[in-house]
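Notes for the one structure printed next.
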């Protein structure tokens, strides 16, 4: 009888300890990982027909470890399937597996063979339990379906749901690709503080903490932008950071309180240069993952919640949409950057939101009202990669004013499947203009907008020393991975998403 059928957890321990056995060995010397064994067989063209006489297996002793997913017996022969790193192999033994149950971590030593059914296997000379599983392990056949358990017990999800492991492997590939892409173009990767006196670089509500030693209130960073731009002032022409940001806001299918971004800043460039670089990065990233620029996705309808298959084309150039021009056509009223600088502009947007039944909670500032209208009329049509461009100045306190249009900035956001994944602009490097915009944001904050930015005098002082003309760019890694893996929830691409305590 197997352990799970006859012994309780405590009884199992008592029996092993009384026999003087070490239930948790210190180590196990692997000669090969399971994936290495599989690749070895492919490389040497070892098959069920030739393995017995193949020179590559002559005197080859192998040792591998993994988690037990299946234990079955035929007569006195016991077949055990183990898995590690998403790859599996079969163990064939006689009496060496009597103590093994599903979920155990085991180490096996023996010879590579093929079973009668042609399955690659290890003919075991020794099988050792390295860490017993003390819970009833879910079966591989049914996988893990409970979403609550998937997010809380990711270690089970990774073993039992192959698509989950594949998503996280894709995430790692995406991050590695972006890092390599920027490194090859002369960008320097840096690390900047994760605790700020003044939260800046984005419109968001920060997490607050206290530095006891200095009796100082601090904020977890919402963006590394201002620190990175001061490095341009310091003479580093191309700089980037991949790291975590923290925003004390809502949790939904596309938002988690802590998330990963990549931001870069490029001296002697503008948003047109950055746009071309963005197209090149995203298009080449997709091709590296899928071997094509046209990828099929299952998307969920906002209204019916039904899913349908759509083809997304990442071939360059991506579509470009002028925000105020297209929004004016959609709502049937001309909206200009100049009018948005006035109270009349705020009243106009407020009326449009009421007439069009576009929800906007208080405070109903010009920038918040405009953001809701853009979301309703423009973002909803962005399935293929689309640049929404030339944002009004009131929405872009850190972007440079457009060289040909007043009260509009040189900024773009890249949308994919109706979600923003990238934000970029020609950087504002005029310290006087920057201070005025900070003061306008501070006024919005005083009016009740908790996400508005504060005046950062240290950053303004840095600009006074001179920052070269530059383009800046930021991308949400989590959302990007969601799009590339067809995940419907950001929790599906985070190993450990934020969860309410049980």
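Residue numbers (the numbering used here): 1010 to 1511.
From the three backbone atoms N, C-alpha and C, an ideal C-beta is built for every residue, glycine too.
Excluding sequence positions up to five away, which residues of its chain have a Cβ less than 7 Å from the Cβ of residue 1402?
1346, 1410, 1416, 1417 and 1418
Going straight from the alpha carbon of residue 1381 to that of residue 1369, what length do you get?
Approximately 7 Å, taken between the alpha carbons.
State the DSSP-derived secondary structure class of residue 1127, mapped to helix, strand or coil.
Here DSSP, grouped into helix, strand and coil, assigns residue 1127 to coil.
Beta carbon of residue 1096 nearer than 7 Å to that of residue 1055
no
Close-in-space but distant-in-sequence residues of the same chain around residue 1502 (CB under 8 Å, 5 per side omitted):
1176, 1177, 1180, 1487, 1490, 1491, 1494 and 1496
Which value, in whole angstroms, describes the spacing of the CA atoms of residue 1234 and residue 1297?
29 Å
Residue 1284 to residue 1398, Cα distance in whole Å?
10 Å
Kindly indicate the opening and closing residues of the beta strand (DSSP E) around residue 1429.
1428-1435
Pull up the CB-CB distance for residue 1076 and residue 1112, whole angstroms please, since I reckon it's below 8 Å.
7 Å
Mark residue 1315 as exposed unless 16 or more other C-beta atoms lie within 10 angstroms of its C-beta, in which case mark it buried.
exposed
Spatial neighbours of residue 1014 within its chain, please: C-beta separation below 8 Å, excluding the five flanking residues on both sides.
Confidence at residue 1014 is low in this model, with a pLDDT of 47, below 50, so the placement of that residue is unreliable and no value is reported for it.
Looking only at C-alpha atoms, which of 1184, 1133 and 1213 sits nearest to residue 1073?
Of the candidates 1184, 1133 and 1213, the one whose C-alpha sits nearest the C-alpha of residue 1073 is 1133.
Restricting to runs no shorter than 4 residues, where is the alpha helix (DSSP H) found entirely within the region 1304-1347?
1332-1340
Exposed or buried, what is residue 1376 when buried is set at 16 or more other beta-carbons lying within 10 Å of its beta-carbon?
buried
Residue 1444 by DSSP, collapsed to three states: which one?
helix
Kindly identify the DSSP beta-bridge partner or partners of residue 1199.
For residue 1199, which the question treats as bridged, DSSP gives no partner whatsoever.
For residue 1299, is the classification buried or exposed, using 16 other Cβ atoms within 10 angstroms of its Cβ as the cut-off for buried?
With fewer than 16 neighbouring CB atoms inside 10 Å of its own CB, residue 1299 falls in the exposed class.
Just mark residue 1510 as buried or exposed, buried being the case when its beta carbon has 16 or more other beta carbons within 10 Å.
Classification of residue 1510: exposed, given that the 10 Å Cβ count is below 16.
Counterpart residues of residue 1228 in DSSP-defined beta bridges
1205 and 1217
Alpha carbon of residue 1477 to alpha carbon of residue 1161, nearest angstrom
47 Å
Three-state secondary structure (DSSP) at residue 1090?
strand
Using CA atoms only, rank isn't needed, just tell me which of 1136, 1400 and 1422 is closest to residue 1037.
1136
Give the straight-line distance between the Cα atoms of residue 1373 and residue 1208, rounded to the nearest whole angstrom.
22 Å
DSSP three-state call for residue 1249: helix, strand or coil?
strand
Under a three-way DSSP split, which group does residue 1234 fall into?
Shown here, residue 1234 sits in a helix according to DSSP, grouped into three states.
Would the beta-carbon of residue 1437 fall within 7 Å of that of residue 1430?
Result no, Cβ atoms of residue 1437 and residue 1430 do not sit closer than 7 Å.
Buried or exposed (CB count within 10 angstroms, at least 16 for buried), residue 1254:
buried
Thinking just about the alpha-carbon of each residue, which of 1210, 1087 and 1202 is nearest to the one in residue 1469?
Ranking 1210, 1087 and 1202 by Cα distance to residue 1469 puts 1210 first.
Out of curiosity, what's the CA-to-CA distance linking residue 1344 and residue 1386?
14 Å
Assigned secondary structure, residue 1010 (DSSP; H/G/I helix, E/B strand, else coil):
Because residue 1010 carries a pLDDT of 39, less than 50, the predicted location of this residue cannot be relied on, and the following value inherits that uncertainty. Of the three classes helix, strand and coil, the one that applies to residue 1010 here is coil, per DSSP.
Helix, strand or coil at residue 1082 according to DSSP, with G and I counted as helix:
strand
For residue 1131 versus residue 1087, is the C-beta distance shorter than 7 Å?
no
Rank 1026, 1291, 1158 and 1354 by C-alpha distance to the C-alpha of residue 1324 and give the top, closest one.
1291
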